[in-house]
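This report concerns only the one structure given below.
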Amino acid sequence: MAPVIMAPPVVQVSGPQLVGNLLHWGLFGGLTVQLYIYYQAFPNDRPRTKFVVYAMYTLELLQTILITHDAFADLGFGFGDPSSLFQIRLGWFTVPILSSLVALIGQFFYAYRLHILSESYIIPVVIILTSVASSIGGFLDGSYLFEARSDTGVEMDAKTARASGLWLGGSTLTDVMIAVSMIYYVEFPPPVVISSIQPDIKLTKSAPGFRQTRALVSKLIRIIIETGFVTALLALVTIALFYAFPEKNYYYVSALLIPNLYANTMLAVLNSRFRIIGGRETDPSATNLASLPEFARSNGINPGSTTSPVSGVPSTHELSAEGEFGLVQRKGLHASSNSLAELARAKQLTPSMAATQ
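If you want the numbering used here, it's the position in the sequence shown, counting the first as 1, plus 1366.
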């Protein structure tokens, strides 16, 4: 008689599925809000940037629909039937394959920003290679799960475990490299970064324009570091749960959240260029920078691609289209010397004085 394989308690299977789906829906709601902000605030972004944003959202929408279908089949139609919890359904596609694809796009996004920041191809290429290797592991994992029709870990064979290890381990390594590289390039910025944020006219480091530009660049870099650390931490948690509990699917929760988190962090970086005039922001540099185009328009100067700020109404300021990383839009600040001089004089006026001119 064949040996009987003891299935894990129902809660060890249904619990991670339920928690993972609830958290995924929460992150998807936040992603939808961020997409709306991006759509309203940055209509002039490059087409390829828009394509990446909308492609990421479409993939996340597809994943949300599919995991909701499986959750309803397991916990709705299959309520009271423990065997329904052990059916893989569409999980072979929604978790390893879709997650790998979304992570690949997100990691390419960060690799490109590292290239813009460092003006080097070495680290970005290494990140891309590890990301591709991780995605290959995810695709293999999905194909093996499709053949085995089980993702509970009870019947996971050696090749599936190796593919899962390559997928999760490669993703973790990639995220850690991104976070560490960002910190390194912030502490030791290449000369090209310093020179690229200088206006055409010579400004001292104490000049308002230089301070504001550096403050905005530093804020964007800080946001990228923080979001990179969040994804790296979640990837570490996922691989730790996978190896610490090989016969349980506790890792399902964090593995399901990783792609959604990538999409959210990518939009958080892009939307960090968004400013609100007359809001609660207390950073004086950001406030002055946000009000700079208003002074310029009151003096007949067109500072670049910026929406008209009205008191209490959101005003957006698009940054460098050459990577949209942290460099102020060149066609805005790199105007003629005369226009910049007028802009500098206008900035020294009070709002009432500027309005009368």
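No residue lacks a Cβ here, since even glycine has one placed at the ideal position from N, Cα and C.
Where does residue i sit, in a helix, a strand or coil, going by DSSP?
i: F1475; result: helix
i: R1455; result: coil
i: F1640; result: strand
i: P1409; result: coil
i: S1484; result: helix
i: N1353; result: The structure shown has nothing for residue 1353, since the chain only spans 1367 to 1723.
i: G1446; result: coil
i: P1612; result: coil
i: P1625; result: helix
i: F1554; result: coil
i: E1684; result: The predicted model places E1684 with a pLDDT of 44, which falls under 50 and marks its position as unreliable, so this point remains unresolved.
i: P1382; result: helix
i: D1523; result: coil
i: P1375; result: coil
By Cβ distance below 7 Å, which residues in the same chain neighbour residue i in space, the five residues on each side in sequence not counted?
i: L1425; result: L1464, L1467 and V1468
i: N1626; result: H1390, L1393, F1394, L1397 and E1426
i: A1610; result: none
Using CA coordinates, which residue listed in the options is at the minimum distance from residue i?
i: I1549; options: R1588, L1532 and L1534; result: R1588
i: G1508; options: A1529, A1499, V1419 and T1597; result: A1529
i: L1456; options: Y1478, L1539 and L1432; result: L1432
i: N1637; options: V1385, L1506 and Y1405; result: Y1405
i: A1545; options: V1377, D1523, A1477 and L1534; result: A1477
i: G1396; options: I1643, I1642 and L1633; result: L1633
i: T1526; options: Y1423, A1437, G1503 and L1539; result: G1503
i: V1603; options: L1539, F1554, I1494 and I1643; result: L1539
i: V1492; options: A1421, D1541 and P1448; result: D1541
i: S1537; options: L1506, S1501, F1505 and A1524; result: S1501
i: D1436; options: L1623, Q1453 and V1418; result: Q1453
i: V1552; options: A1524, P1612 and R1479; result: R1479
i: P1612; options: I1643, L1623, L1600 and G1531; result: G1531
i: N1351; options: L1599, V1635, F1554 and L1451; result: In this structure the chain extends from 1367 to 1723, so residue 1351 is not present and cannot be described.
i: T1460; options: V1635, I1643, L1600 and F1505; result: F1505
i: M1543; options: I1494, A1524, P1462 and F1443; result: I1494
i: A1462; options: T1434, Q1429, P1490 and A1610; result: Looking at the sequence itself, residue 1462 is Pro, so the reference to Ala does not match. Ranking the options by Cα distance to P1462, first place goes to Q1429.
i: Y1423; options: Y1402, A1524 and A1439; result: Y1402
i: V1419; options: V1635, I1642 and I1643; result: V1635
i: P1375; options: S1547, D1447, A1514 and D1523; result: D1447
i: Y1487; options: A1514, F1438, F1443 and S1547; result: S1547
i: L1483; options: I1591, I1642, I1643 and L1599; result: I1591
Might you give, ordered along the chain, the residues of its own chain that have their beta carbon closer than 8 Å to the beta carbon of residue i, omitting 5 neighbours on each side?
i: T1631; result: G1472, T1593, G1594, V1596 and T1597
i: L1441; result: S1380, Q1383 and L1384
i: F1512; result: I1454, W1458 and F1459
i: A1421; result: I1471
i: A1499; result: L1532 and G1536
i: D1523; result: Y1510 and A1514
Which word fits residue i, buried or exposed, when buried means at least 16 other C-beta atoms lie within 10 angstroms of its C-beta?
i: R1412; result: exposed
i: R1414; result: exposed
i: H1481; result: buried
i: V1377; result: exposed
i: Y1510; result: buried
i: Y1628; result: buried
i: A1621; result: buried
i: P1409; result: exposed
i: V1399; result: exposed
i: L1388; result: exposed
i: I1624; result: buried
i: I1489; result: buried
i: Y1617; result: buried
Under 6 Å Cβ to Cβ from residue i, same chain only, skipping five residues before and after it: list those, please.
i: L1534; result: T1604, I1605 and F1608
i: V1619; result: P1382, V1385 and G1386
i: F1475; result: M1632
i: S1497; result: L1470, Q1473 and T1540
i: S1449; result: none
i: A1601; result: S1537, T1538 and D1541
i: G1444; result: S1450
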